[in-house]
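Participant: The structure under discussion is supplied below as structure tokens; questions concerning it will follow.
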Amino acid sequence: MSVSREGFGFMPDGTEVYKYVIENMNGCSAHVLTLGATLQSVYAEDAAGELRDVVLGFDTVEDYLTKSNYQGATVGPYCNRIGGASVDINGKHYELTANEKGVTNLHAAGEFSYRVWRATVVDADAVEFDYVSPDGEGGFPGETKAKALFRLDAQNRLHIVYSAVSDRDTYLNMTNHAYFNLNGFGSGDILGHELCLNADAFTPVDALSIPLGGSRDVTGTPFDFRTPQAIGARIDCADEQLEMTGGYDHNFCIAGWDGTLRQCASAKGDLSGIKMNVYTTLPGVQFYAGNFLHGAEGKHGVPMTKRTGFCLETQYYPDTPHRPEFPSCLFSAGEAYSAETVFEFSK
Ligand code: BGC
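The opening residue of the sequence shown carries number 546 in the numbering used here; numbering runs sequentially from there.
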């Protein structure tokens with residue numbers, strides 16, 4: 546087990562960005578930047594024993610600041626969408642940044658994702674990143690102290706533990722936005738990957754990708770991934786929900802959610818044999834098939850074209866502030882938010 550640090554570049558204001566590499570004795574490694582507490586690379590062993598980088602990302606700070614669609618970033622204080630870009634808390638109205646189509650708040654407009662976090666090596670296999678968001682940043686109430694701990698264990702499990710506490714009542718919902726390609730980034734689209742989701746229902750959305758309310762049974766629909774299915778098998782079929790979002794981009798309700806760590810997904814690269822199991826304490830997972838990737842050049846100049854990476858963003862459901870039927874993520878002043886997600890790699 547080892548943790549090493551190297552310079553990654555500089556922010557426009559001169560702040561240095563570092564990359565931390567956590568490597569285990571199998572050669573598996575996770576590379577995390579202080580910019581956005583961003584997962585830049587994960588090297589996992591394929592069926593032939595070769596290491597492949599299974600995460601999409603960029604080589605420079607400038608690329609992360611100008612070309613990114615949240616590749617690998619820690620997102621918060623509220624990931625995914627808030628309809629109307631506003632929330633009401635204790636009778637007070639808060640306007641948030643309407644960064645999507647001028648009407649929706651998406652990923653808190655990058656509030657956590659494009660800041661430089663402070664890093665502390667907390668163990669031979671773990672680095673903790675922390676960021677203090679000032680009261681009112683992005684419109685969200687309260688000074689929020691956020692942490693993201695990355696630990697890579699000897700079983701090739703990358704544990705990400707989020708925690709946050711605010712000095713005002715506020716909504717907290719953090720995620721990691723890694724785009725995976727288990728065949729290795731740059732090896733084409735992800736349509737041949739097999740995916741399994743432990744979800745009997747998903748939350749259907751409107752044309753702005755805001756949940757309509759309630760959930761819908763996956764039975765008999767292209768959203769049924771309870772048995773392994775190729776991502777591409779049904780992605781373009783005539784289905785109103787898929788047409789609305791241009792492919793999978795939906796929150797799945799994790800079966801039996803009780804706040805303990807439970808498996809929500811598994812995926813397998815068809816060309817590499819690399820498998821990934823995902824576990825989380827959270828109630829939902831956004832399965833996004835990279836439909837909006839449009840060819841930005843990423844690591845080694847490889848273009849990230851449509852559907853060359855997929856995301857499994859563990860989360861509270863989108864637009865929870867406006868949906869009393871969804872599990873709540875309103876935290877009182879001083880109340881601790883915490884969540885864990887594990888990405889486990891094998892072959
Ligand atoms: C959203 C997508 C969006 C992507 C990048 C995902 O969480 O669901 O619609 O394009 O993030 O912002």
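Note that beta-carbon positions come from the ideal geometry of N, C-alpha and C, so glycine has one too.
Mind checking whether the beta-carbon of residue 858 lies closer than 7 Å to any heavy atom of the ligand BGC?
Facilitator: Start at 1 with the first residue of the sequence shown, and residue 858 comes out as number 313. Flag set: Cβ of residue 858 near the ligand BGC.
Participant: In this structure, how does DSSP classify residue 848 when only helix, strand and coil are distinguished?
Facilitator: Numbered from its first residue, the sequence shown carries residue 848 at position 303. Correct three-state label for residue 848: strand.
Participant: Rank 808, 692, 694, 786 by C-alpha distance to the C-alpha of residue 743 and give the top, closest one.
Facilitator: As a working note, residue 743 is residue 198 in the sequence shown. The shortest Cα separation from residue 743 among 808, 692, 694, 786 belongs to 808.
Participant: Does at least one heavy atom of the ligand PLP sit under 7 Å from the Cβ of residue 658?
Facilitator: Among the ligands present in this structure, namely the ligand BGC, the ligand PLP is not found.
Participant: Do residue 548 and residue 556 have their C-beta atoms within less than 8 Å of each other?
Facilitator: Taking the sequence shown and counting its residues from 1, one reaches residue 548 at position 3. Taking the sequence shown and counting its residues from 1, one reaches residue 556 at position 11. Going by C-beta atoms, residue 548 is not nearer than 8 Å to residue 556.
Participant: Run the CB neighbour count on residue 856, radius 10 Å, all protein chains shown included, and call it buried at 16 or more, exposed below.
Facilitator: One-based indexing of the sequence shown puts residue 856 at position 311. Burial call: buried.
Participant: So within the region 808-881, which uninterrupted beta strand (DSSP E) runs reach at least 3 residues, ignoring any that extend past its ends?
Facilitator: Runs of the beta strand (DSSP E) inside the region 808-881: 820-825, 829-833, 856-860.
Participant: Using the Cα positions of residue 803 and residue 828, report the straight-line distance between them to the nearest angstrom.
Facilitator: As a working mapping, residue 803 is identified with position 258 in the sequence shown. As a working mapping, residue 828 is identified with position 283 in the sequence shown. Rounded to whole angstroms, residue 803 to residue 828 spans 8 Å at the Cα level.
Participant: Starting from residue 585, trace the beta strand (DSSP E) both ways and give me its first and last residue.
Facilitator: Here the question's residue 585 lines up with position 40 in the sequence shown. Residues 583-590.
Participant: Spatial neighbours of residue 844 within its chain, please: C-beta separation below 7 Å, excluding the five flanking residues on both sides.
Facilitator: The count along the sequence shown starts at 1 and reaches residue 844 at position 299. Cβ within range, chain order: 602, 603, 604, 730.
Participant: Can you check which of these residues, 642, 656, 724, is closest to residue 650 by C-alpha distance?
Facilitator: As a working mapping, residue 650 is identified with position 105 in the sequence shown. Considering only alpha carbons, the answer is 642.
Participant: Return the CA-CA distance between residue 815 and residue 591, expressed in angstroms with no decimal places.
Facilitator: The residue given as residue 815 occupies position 270 in the sequence shown. The residue given as residue 591 occupies position 46 in the sequence shown. Spanning the two alpha carbons is a distance of roughly 11 Å.
Participant: Does the ligand BGC have a heavy atom nearer than 7 Å to the CB of residue 862?
Facilitator: The count along the sequence shown starts at 1 and reaches residue 862 at position 317. Outside the cutoff, so no.
Participant: Hey, quick one: how far does the alpha helix (DSSP H) through residue 606 stretch, first residue to last?
Facilitator: For this step, residue 606 is matched to residue 61 along the sequence shown. Its alpha helix (DSSP H) spans residues 606-612.
Participant: State the start and end residues of the unbroken alpha helix (DSSP H) segment that holds residue 788.
Facilitator: Locating residue 788 in the sequence shown gives position 243, where the first residue counts as 1. Unbroken alpha helix (DSSP H) run through residue 788: 785-790.
Participant: Under 8 Å, do residue 662 and residue 639 count as touching if we go by C-beta distance?
Facilitator: The residue given as residue 662 occupies position 117 in the sequence shown. The residue given as residue 639 occupies position 94 in the sequence shown. No, Cβ-Cβ distance for residue 662 and residue 639 is not below 8 Å.
Participant: Looking at C-alpha atoms only, which residue of 671, 576, 839 is the closest neighbour of residue 614?
Facilitator: The count along the sequence shown starts at 1 and reaches residue 614 at position 69. Closest by alpha carbon: 839.
Participant: Report yes if the CB atom of residue 616 is closer than 8 Å to the CB atom of residue 720, and no otherwise.
Facilitator: For this step, residue 616 is matched to residue 71 along the sequence shown. For this step, residue 720 is matched to residue 175 along the sequence shown. Contact flag unset, no.
Participant: Using DSSP's beta-bridge definition, name the partner residues of residue 796.
Facilitator: In the sequence shown, the residue the question calls residue 796 occupies position 251. Paired residues: 748, 831.
Participant: Any chance the CB of residue 753 is under 7 Å from a heavy atom of the ligand BGC?
Facilitator: Numbered from 1 along the sequence shown, position 208 holds the residue referred to as residue 753. Not so, every heavy atom of the ligand BGC lies at least 7 Å from the Cβ.
Participant: What do you get for residue 687, buried or exposed, if any count of 16 or more other CB atoms within 10 angstroms of its CB means buried?
Facilitator: Along the sequence shown, one-based indexing puts residue 687 at 142. It counts as buried.
Participant: Report buried or exposed for residue 494, applying the criterion of at least 16 other Cβ atoms within 10 angstroms of its Cβ.
Facilitator: Since the first residue shown for the chain is 546 and the last is 892, residue 494 is missing from the structure and cannot be characterised.
Participant: Would you identify the three-state DSSP class for residue 618, choosing helix, strand or coil?
Facilitator: Mapped onto the sequence shown, residue 618 falls at position 73. Coil at residue 618, not helix or strand.
Participant: Can you name, in chain order, every residue of its own chain whose Cβ lies under 8 Å from the Cβ of residue 607, other than the five neighbours on each side?
Facilitator: Here residue 607 is taken as the residue at index 62 of the sequence shown, counted from 1. Around residue 607: 554.
Participant: Under 8 Å Cβ to Cβ from residue 745, same chain only, skipping five residues before and after it: list those, please.
Facilitator: Counting from one through the sequence shown, the residue named residue 745 turns up at place 200. Correct list, in chain order: 762, 763, 764, 771, 798, 800.
Participant: By the 10 Å Cβ neighbour count, where 16 or more other Cβ atoms means buried, how is residue 759 classified, buried or exposed?
Facilitator: For the purposes of this step, residue 759 is identified with residue 214 of the sequence shown, where counting begins at 1. Flag for residue 759 reads exposed.
Participant: For the ligand BGC, any of its heavy atoms closer than 7 Å to the Cβ of residue 786?
Facilitator: Within the sequence shown, numbered from 1, the residue matching residue 786 stands at position 241. No, Cβ of residue 786 sits at least 7 Å from all heavy atoms of the ligand BGC.
Participant: Which ranges would you report for the beta strand (DSSP E) in the region 656-697 if only whole runs of at least 3 residues count?
Facilitator: Qualifying beta strand (DSSP E) stretches, in chain order: 663-668, 671-678, 689-697.
Participant: So residue 779 is in the beta strand (DSSP E); what residue range does that whole segment cover?
Facilitator: As a position in the sequence shown, residue 779 is number 234, starting the count at 1. Run containing residue 779: none; DSSP gives neither H nor E here.
Participant: Does the beta-carbon of residue 837 have 16 or more other beta-carbons within 10 angstroms, so that it is buried, or is it exposed?
Facilitator: Here residue 837 corresponds to residue number 292 of the sequence shown, with the count starting at 1. Exposed, since its Cβ has fewer than 16 Cβ neighbours within 10 Å.
Participant: Using a Cβ-Cβ cut-off of 6 Å (strictly less than) and excluding sequence neighbours within five positions of residue 851, which residues of its own chain qualify?
Facilitator: As a working note, residue 851 is residue 306 in the sequence shown. For residue 851, where only same-chain residues beyond five positions count, the Cβ hits under 6 Å are 838.
Participant: Should residue 893 be counted as a contact of the ligand BGC given a C-beta to heavy atom distance under 7 Å?
Facilitator: There is simply no residue 893 to check, as the chain begins at 546 and stops at 892 in what is shown.
Participant: Go through its chain and collect everything with a Cβ distance to residue 696's Cβ below 6 Å, but skip five positions before and after it.
Facilitator: Residue numbering aside, residue 696 sits at position 151 when the sequence shown is read from its first letter. Around residue 696: 670, 671, 704.
Participant: Report buried or exposed for residue 784, applying the criterion of at least 16 other Cβ atoms within 10 angstroms of its Cβ.
Facilitator: Stepping through the sequence shown from its first residue, residue 784 is reached at position 239. Classification of residue 784: exposed, given that the 10 Å Cβ count is below 16.
Participant: Start and end of the beta strand (DSSP E) containing residue 705?
Facilitator: Working through the sequence shown from its first residue, we reach residue 705 at position 160. Where residue 705 is concerned, the enclosing beta strand (DSSP E) stretches over 702-711.
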